Amino acid sequence: MIPQVDDGLTFAQRIAAQTKAQQRMEQLAQLSDGIVGLQNYSYFCYMNSCLQCLVAIDQLKEHFLYSIYKEKFAGPKNIPRIRNHFRLSGAFTKFYQLVFLKKNHQQYIEDQRNQKRRSSSRGGPPPIIITPEYIKQEIYNKFSPVFQHDCHEFFTYIMSTLQDEETPVTTQGMKQNAIAGGAGRTPEEESWIQFEQTHPSIIDKLFSGMQKTIVICGKCNEKSITFNPFMTLSVAFESTLEKCLAGFLKEDSLDGRDQYRCDKCKKQGKAKIKTELSKLPNILVFHLKRFQFPSMKKITGRVQFKTYFDLEKYCKSPLDAKDTLYELFGLTVHIGSLTSGHYIAYTKRTGGKWYMFNDESYELVKESDVLNQEAYLLFYRKVTL
Ligand SMILES: [Zn+2]
Numbered sequence: 000m001i002p003q004v005d006d007g008l009t010f011a012q013r014i015a016a017q018t019k020a021q022q023r024m025e026q027l028a029q030l031s032d033g034i035v036g037l038q039n040y041s042y043f044c045y046m047n048s049c050l051q052c053l054v055a056i057d058q059l060k061e062h063f064l065y066s067i068y069k070e071k072f073a074g075p076k077n078i079p080r081i082r083n084h085f086r087l088s089g090a091f092t093k094f095y096q097l098v099f100l101k102k103n104h105q106q107y108i109e110d111q112r113n114q115k116r117r118s119s120s121r122g123g124p125p126p127i128i129i130t131p132e133y134i135k136q137e138i139y140n141k142f143s144p145v146f147q148h149d150c151h152e153f154f155t156y157i158m159s160t161l162q163d164e165e166t167p168v169t170t171q172g173m174k175q176n177a178i179a180g181g182a183g184r185t186p187e188e189e190s191w192i193q194f195e196q197t198h199p200s201i202i203d204k205l206f207s208g209m210q211k212t213i214v215i216c217g218k219c220n221e222k223s224i225t226f227n228p229f230m231t232l233s234v235a236f237e238s239t240l241e242k243c244l245a246g247f248l249k250e251d252s253l254d255g256r257d258q259y260r261c262d263k264c265k266k267q268g269k270a271k272i273k274t275e276l277s278k279l280p281n282i283l284v285f286h287l288k289r290f291q292f293p294s295m296k297k298i299t300g301r302v303q304f305k306t307y308f309d310l311e312k313y314c315k316s317p318l319d320a321k322d323t324l325y326e327l328f329g330l331t332v333h334i335g336s337l338t339s340g341h342y343i344a345y346t347k348r349t350g351g352k353w354y355m356f357n358d359e360s361y362e363l364v365k366e367s368d369v370l371n372q373e374a375y376l377l378f379y380r381k382v383t384l
């Protein structure tokens, strides 16, 4: 007897799903470990270092390699559901194909061999080097190719663009403001549920968390609470990452130029402000504020960070009460001064091995080397992800 599976699919849909699963298995066999160098003709190290950290995320690999974003949002063509027709997502698909498809690597090796017949050969297996040309083309408007740019700015830009491309137009720009708890839910739960329902992108699923900001008016003591999604935590420089985070969550006062205008008493004046993490993201990115403006100075030196980071004591909300342990899997490092510098990346890849990526070149490194770096962006993921 054939067991009946009640998955709500028709016979034809089930066959199509099986075929697709079969195709993916076959494609999987065609994949490399994705350890490649990234070509840099000019100032693109900020981009390359960031991309190497993203390549280490399996969920993004599947999503872009198999263009899953297209399947999820297939719908009536006359309804403008999605912005920009997946322009940057499409560029990422091409990029991931170059990084992961063995056939592309073989092609590269063959091309190299043919060129070497004409030029001198140095022996030894050459590293695979790919050019993230399609992604460059998509960012030219924002990031001029003749200047060095900030790696965090690039990360923020691509995250928000990829997020937009998968967010239905009708729900874009919806604000998360003080939400009353309903149906026995806390305001934290309610605001997160609303956010999730309106933000289905892979970027939100992986990188978005929610922070709760509490402002207390110095005149009338009225408490104002807002919930805001975040994708990176920009923290001030301290000796350890724990201290950076504690500093970020510390109560502060709004005064001087930042005076607060209260909605209740309508007066302007001092206020207390405090941020809490009400929902932790699956992937938590720390941005260490090394660059100081307008003084144009860079803070050098090391912030101590560890392979594992438990955020339990930093997270008051019950939303993540049992899921607060993170594991480090990537970092970008800025070498040199603010005006003339270079970015490299360290990322953990298949088999838990760490690699250092410096544009075209890469090498296996020890974890102790990684922990000694002067990090700029730090990528952590929940151990349960
Ligand atoms: Zn007030």
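In numbering that gives the first Met the number 0, the protein residues as written are 0 to 384. Cβ coordinates follow ideal geometry from the N, Cα and C atoms, glycine included. None of these values were measured; they are calculated from a predicted model.
Query: Extent of the continuous beta strand (DSSP E) to which V54 belongs; Result: Taken as a continuous stretch (DSSP letters only), V54 belongs to no beta strand (DSSP E), being part of the alpha helix (DSSP H) at C44 to V54.
Query: Beta-carbon gap between V302 and F194 smaller than 9 Å; Result: no
Query: Assigned exposure category for H62 - 16 Cβ within 10 Å defines buried; Result: buried
Query: Residues bridged to I138 [DSSP beta-bridge criterion]; Result: Beta-bridge pairing links I138 to no other residue.
Query: Closer than 8 Å: N220 CB and nearest ligand 1 heavy atom; Result: yes
Query: The alpha helix (DSSP H) enclosing G254, as first and last residue numbers; Result: Reading off the sequence shown, one finds Asp at residue 254, where the question assumed Gly. Segment: none, D254 is in no alpha helix (DSSP H) and carries neither H nor E.
Query: Runs of beta strand (DSSP E) wholly within the region 188-266 (minimum 3 residues, chain order); Result: 208-216, 222-229, 231-235 and 251-253
Query: Contact test: M46 Cβ vs ligand 3 heavy atom, cutoff 8 Å; Result: Ligand 3 is not among the ligands present in this structure, which contains only ligand 1.
Query: Other residues of its chain near I78: CB distance less than 6 Å, five sequence neighbours each side excluded; Result: Its pLDDT being 47, under 50, I78 is placed unreliably by the model, and the measurement read from it follows with that caveat. So no residue of the chain qualifies.
Query: Whether G208 touches M230 by CB criterion (9 Å); Result: yes
Query: G352 versus D358, H341, S360 and S367, residue with shortest Cα-Cα distance; Result: As written in the sequence, residue 352 is Lys, which differs from the Gly given in the question. Nearest of D358, H341, S360 and S367 to K352, Cα basis: S367.
Query: Candidates F85, H151, S223 and Y156, of which the one nearest E165 by Cα; Result: F85
Query: Distance between Q114 and K101 (C-alpha atoms, nearest Å); Result: 20 Å
Query: Distance, K249 Cα to T274 Cα; Result: 7 Å
Query: Exposed unless 16 or more other CB atoms sit within 10 angstroms - verdict on T92; Result: buried
Query: Rounded straight-line distance, which links the Cα of V168 to that of Y379; Result: 30 Å
Query: Any non-hydrogen atom of ligand 1 closer than 8 Å to K263 Cβ; Result: yes
Query: Whole-Å CB distance - L310 paired with L279, under 8 Å assumed; Result: 6 Å
Query: Residue(s) in a DSSP beta bridge with L100; Result: L30
Query: Counterpart residues of N357 in DSSP-defined beta bridges; Result: S360
Query: Pair within 9 Å by beta-carbon distance, F142 and C49; Result: no
Query: Pair within 9 Å by beta-carbon distance, K60 and Y95; Result: yes
Query: Best match in T383, T239 and D251 for proximity to N371 [C-alpha to C-alpha]; Result: T239
Query: Any non-hydrogen atom of ligand 1 within 8 Å of K269 CB; Result: no
Query: Neighbourhood of I282 by C-beta distance below 6 Å, restricted to the same chain and skipping five residues each side; Result: L205, F206 and R380
Query: Any C-beta of chain C under 9 Å from that of P317; Result: Any reference to chain C falls outside this structure, which holds one protein chain only.
Query: Three or more C-beta pairs below 8 Å linking the region 319-331 and the region 355-362; Result: no
Query: Residues sharing a beta bridge with F154, DSSP; Result: Note: F154 sits in no beta bridge, so no partner.
Query: T9 (DSSP reduced to helix, strand or coil); Result: coil
Query: Assigned secondary structure, D467 (DSSP; H/G/I helix, E/B strand, else coil); Result: The structure shown does not extend to residue 467, since the chain spans only 0 to 384, so no value can be given for it.
Query: Where I14 falls: helix, strand or coil (DSSP); Result: helix
Query: Opposing strand residues paired with Q303 [DSSP bridges]; Result: T239
Query: Cβ shell of D149 (< 8 Å), same chain only, five flanking positions each side left out; Result: Y45 and F290
Query: Nearest-angstrom Cα separation, counted from A90 out to V98; Result: 12 Å
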